[in-house]
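Numbering (my numbering), first residue to last: 736 to 978.
Below, the structure is given as structure tokens:
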């Protein structure tokens, strides 16, 4: 109850400062609970928090809730969903991933930030926690091996333009990792039978990587144009009209 009261007061104060804030609430330390209990607790907290906001006349405030624990990858998945809300290109990235997996025989694909293991985008199929954990563990393996056998010991990120990895599991599943940029990597899960067409998958990945680069280049150029326009306006106000 005390935690709910603190949440309520924090939300009201933050909303007063900035009415446009989005609120993401992590319900932590749920690792020792059964799945049914977790769902019940989340539903109860959600209901209580919303009721308090309605009583305070703040029903326009929307709260999003996530169940998290440090003993699994739920905390990373929760942060992933929060970060995705801040990415304006997310629909485009998801569409590109859908096209890539449908033409490559891939079951699931994640676009990861390598350092944090947060996925900034995935395809439209549901996220399975076990699959997500497998992909995270693959990134750890690649980073550990790169740290040991990499050429440049001064690199903060053990990825370059040629970074790739393939891991075949004993259940006829293949994990496929390719570097997208210095900080981004694509990790895919597919059946071993579909990996017979690796050449097609590699080609489709190159097309996907080029498309991703174009998406971010458009954003970068747009921001640069806005910056230049702002500078010109400021200079015109500073110098004033000429005669």
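Here a beta-carbon is modelled for each residue, glycine too, at the ideal position from N, C-alpha and C.
Please read these numbers as outputs of a predicted model, since none were measured by experiment.
In the three-state reduction of the DSSP assignment, residue 746 falls in the helix class, which pools H, G and I. Distance between residue 798 and residue 909, taken at the CA atoms: about 38 Å.
Counting of Cβ neighbours within 10 angstroms places residue 939 among the buried residues, the total reaching 16 or more. Residue 899 has 913 as its beta-bridge partners, per DSSP.
The count of Cβ pairs closer than 8 Å, one atom from the stretch 818-835 and one from the stretch 846-860, reaches three, so the stretches are in contact. The beta carbon of residue 840 sits closer than 7 Å to the beta carbons of 925, 929 and 932 from its chain, once the five residues preceding and following it are set aside; these are given in chain order.
Remark: C-beta atoms of residue 810 and residue 849 do not approach each other more closely than 8 Å.
In this structure, residue 800 sits away from residue 782, with a CB-CB distance that is not shorter than 8 Å. Beta-bridge analysis with DSSP links residue 924 to 843 and 910.
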